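*Asks:* Sequential numbering from 591 applies to the sequence shown in the numbering used here.
Yeah, the Cβ is synthetic: ideal placement off N, Cα and C, and Gly gets one too.
Computed from a predicted model, the values in this text were never measured in an experiment.
Handing you a structure now.
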Amino acid sequence: MAMPTDIKVIDLMLSVPGEDNSQWYEFMKPLLMDEESRNMFKMPAQYMFKDIPDSGKKEDYIAYTVEQMDKHNIERAMLGIDDHNEIAKEALRRHPDRFFASLEVNPNNGMDEVRKMVRLHQEFGIKAITGFASGLCPQVPYDDKKWYPIYAKCVELDIPFCPCVGVPGPRLPMAPQKVELLDEVCWFFPELKVVMRHGAEPWEKLAWKLMLKYPNLYYMTSAFAPKHYPEEIVKFANSRGADKVMYAGYFPMGLSLDRIFKDMPNVPFKDEVWPKFLRENARKVFKLD
591 MAMPTDIKVI
601 DLMLSVPGED
611 NSQWYEFMKP
621 LLMDEESRNM
631 FKMPAQYMFK
641 DIPDSGKKED
651 YIAYTVEQMD
661 KHNIERAMLG
671 IDDHNEIAKE
681 ALRRHPDRFF
691 ASLEVNPNNG
701 MDEVRKMVRL
711 HQEFGIKAIT
721 GFASGLCPQV
731 PYDDKKWYPI
741 YAKCVELDIP
751 FCPCVGVPGP
761 RLPMAPQKVE
771 LLDEVCWFFP
781 ELKVVMRHGA
791 EPWEKLAWKL
801 MLKYPNLYYM
811 TSAFAPKHYP
821 EEIVKFANSR
831 GADKVMYAGY
841 FPMGLSLDRI
851 FKDMPNVPFK
861 DEVWPKFLRE
871 NARKVFKLD
């Protein structure tokens with residue numbers, strides 16, 4: 591049951607910090623209605639994360655990130671990139687053996703977004719498309735027709751789609767992220783690998799039920815400290831879902847790697863689950879060979 595210390599970890603959600611990370615959340619500001627979220631929080635879900643990492647001023651934030659990864663035996667990490675995210679693109683160029691890329695999309699942009707997927711896949715070999723349905727303006731539920739060109743292109747490019755599901759941390763309407771919406775997506779796109787992000791709470795039981803139903807549906811543990819991993823998900827991984835659940839962190843958005851890996855040894859995974867959770871499932875699903 592003890593966490594092994596000799597496995598090279600793959601982290602499916604990590605970013606390179608900067609001196610000021612508030613720009614990460616500008617896109618959702620039009621949806622934030624309460625004064626606290628608009629003017630006081632460093633990040634829109636700060637009420638949930640009491641010790642948001644403060645990296646301080648660094649001469650080389652990429653080198654600092656690699657140092658943090660080395661400290662915790664993280665071999666590779668998935669970075670979100672975009673046209674304006676120069677530090678992430680530089681990290682990919684400098685350390686192609688340590689970082690691989692994902693792209694967060696906005697289906698409101700129609701075919702322009704599909705063409706962007708193709709362009710960045712050609713340039714950076716993106717390994718996944720991510721989605722934040724509640725953070726879009728206007729919001730787009732996962733079973734909405736606007737997503738279908740995105741899903742179809744993911745199938746063509748043979749890369750997973752990673753949607754945030756469950757009640758969002760920021761104070762935004764939750765309806766677009768209900769886990770039940772993935773039922774139709776997984777049914778209509780059986781070739782599309784879907785990897786749920788951000789917990790699926792309070793529908794984690796439905797999440798594992800759908801993973802049992804659909805071979806193309808998976809789960810990552812992003813945005814949760816290990817002590818708060820949903821009990822239903824841990825039980826599922828220890829039973830019929832060993833090949834379905836994989837590690838993702840939340841550094842530096844809400845959790846430090848020190849905090850994550852301090853908690854991690856206390857997660858009650860079975861011995862045979864740990865290698866799959868920390869590395870093997872991600873390697874297979876995201877085709878990291």
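Please determine whether the Cβ atom of N675 lies at a distance below 7 angstroms from any heavy atom of the ligand NAP.
*Replies:* With respect to the ligand NAP, the structure shown offers nothing to examine, as it has no ligands at all.
*Asks:* Just tell me which of K717, V599, S605, K834 has its CA closest to the CA of I749.
*Replies:* As a position in the sequence shown, residue 749 is number 159, starting the count at 1. Closest option to I749, Cα to Cα, is K717.
*Asks:* Kindly indicate which residue of E770, D601, L802 has the alpha-carbon position closest to the one of A790.
*Replies:* Start at 1 with the first residue of the sequence shown, and residue 790 comes out as number 200. Of the candidates E770, D601, L802, the one whose C-alpha sits nearest the C-alpha of A790 is E770.
*Asks:* Give the C-beta separation of G670 and A678 to the nearest angstrom, bearing in mind that I take them to be a contact with Cβ-Cβ under 8 angstroms.
*Replies:* Position 80 of the sequence shown, counting from 1, holds the residue named residue 670. Position 88 of the sequence shown, counting from 1, holds the residue named residue 678. At roughly 7 angstroms, the Cβ-Cβ gap stays under 8 angstroms, so G670 and A678 are in contact.
*Asks:* What's the call for P686, buried or exposed, on a 16-neighbour Cβ count within 10 Å?
*Replies:* Translated into the one-based positions of the sequence shown, residue 686 becomes position 96. P686 is exposed by the Cβ-count criterion.
*Asks:* CA-CA distance, Y804 and V745?
*Replies:* On the sequence shown, position 214 is the one that residue 804 refers to. On the sequence shown, position 155 is the one that residue 745 refers to. About 16 angstroms.
*Asks:* Determine the contact status of M801 and K834, defining contact as a CB-CB distance below 8 angstroms.
*Replies:* Taking the sequence shown and counting its residues from 1, the one referred to as residue 801 is at position 211. Taking the sequence shown and counting its residues from 1, the one referred to as residue 834 is at position 244. Yes, the Cβ-Cβ distance between M801 and K834 is below 8 angstroms.
*Asks:* I'd like the span of the alpha helix (DSSP H) that includes C744, first residue to last.
*Replies:* Here residue 744 corresponds to residue number 154 of the sequence shown, with the count starting at 1. C744 -> alpha helix (DSSP H) spans 738-747.
*Asks:* Just the C-alpha distance for M836 and F826, rounded to the nearest angstrom, thanks.
*Replies:* As a first step, residue 836 must be located in the sequence shown, where it is residue number 246. As a first step, residue 826 must be located in the sequence shown, where it is residue number 236. Cα-Cα distance, rounded: 12 angstroms.
*Asks:* What residue from K768, E781, A872, P858 has the CA that sits closest to Y594's CA?
*Replies:* Translated into positions along the sequence shown, residue 594 becomes position 4. The residue asked about is misnamed: residue 594 is Pro in this sequence, not Tyr. The shortest Cα separation from P594 among K768, E781, A872, P858 belongs to P858.
*Asks:* Per DSSP, what kind of secondary structure is A592 in: helix, strand or coil?
*Replies:* Sequence index remark: in the sequence shown, residue 592 carries index 2 (1-based). In the structure shown, A592 sits in coil (DSSP, three-state: anything other than H, G, I, E or B).
*Asks:* Taking the beta strand (DSSP E) that L847 belongs to, which residues open and close that run?
*Replies:* Translated into positions along the sequence shown, residue 847 becomes position 257. No beta strand (DSSP E) holds L847; the alpha helix (DSSP H) holding it covers 847-853.
*Asks:* Between which two residues does the beta strand (DSSP E) carrying M659 extend?
*Replies:* Counting from one through the sequence shown, the residue named residue 659 turns up at place 69. Per DSSP, M659 belongs to no beta strand (DSSP E); it is in the alpha helix (DSSP H), 651-661.
*Asks:* From this set, K860, L868, E774, K768, which residue's C-alpha is nearest S829's C-alpha?
*Replies:* Start at 1 with the first residue of the sequence shown, and residue 829 comes out as number 239. Ranking K860, L868, E774, K768 by Cα distance to S829 puts K860 first.
*Asks:* Look at the alpha carbon of F714 and the alpha carbon of V824, and state the distance between them as a whole number of angstroms.
*Replies:* Counting from 1 along the sequence shown, the entry for residue 714 is found at position 124. Counting from 1 along the sequence shown, the entry for residue 824 is found at position 234. Distance between the alpha carbons of F714 and V824: 34 angstroms.
*Asks:* Just tell me which of H711, G756, K743 has its CA closest to the CA of P731.
*Replies:* Along the sequence shown, one-based indexing puts residue 731 at 141. Comparing Cα-Cα distances from P731 to each of H711, G756, K743, the minimum goes to G756.
*Asks:* Can you tell me whether DSSP reads A599 as helix, strand or coil?
*Replies:* Numbered from 1 along the sequence shown, position 9 holds the residue referred to as residue 599. The amino acid at residue 599 is misidentified as Ala; the sequence shows Val. In this structure, V599 counts as strand in the three-state DSSP scheme.
*Asks:* On the criterion of 16 or more Cβ atoms from any shown chain inside 10 Å, does D644 qualify as buried, or is it exposed?
*Replies:* By one-based count along the sequence shown, residue 644 stands at place 54. Answer is exposed; the Cβ neighbour count stays below 16.
*Asks:* Could you compute how far the alpha carbon of G646 sits from the alpha carbon of K661?
*Replies:* Here residue 646 corresponds to residue number 56 of the sequence shown, with the count starting at 1. Here residue 661 corresponds to residue number 71 of the sequence shown, with the count starting at 1. So the alpha carbons of these two residues sit roughly 18 angstroms apart.
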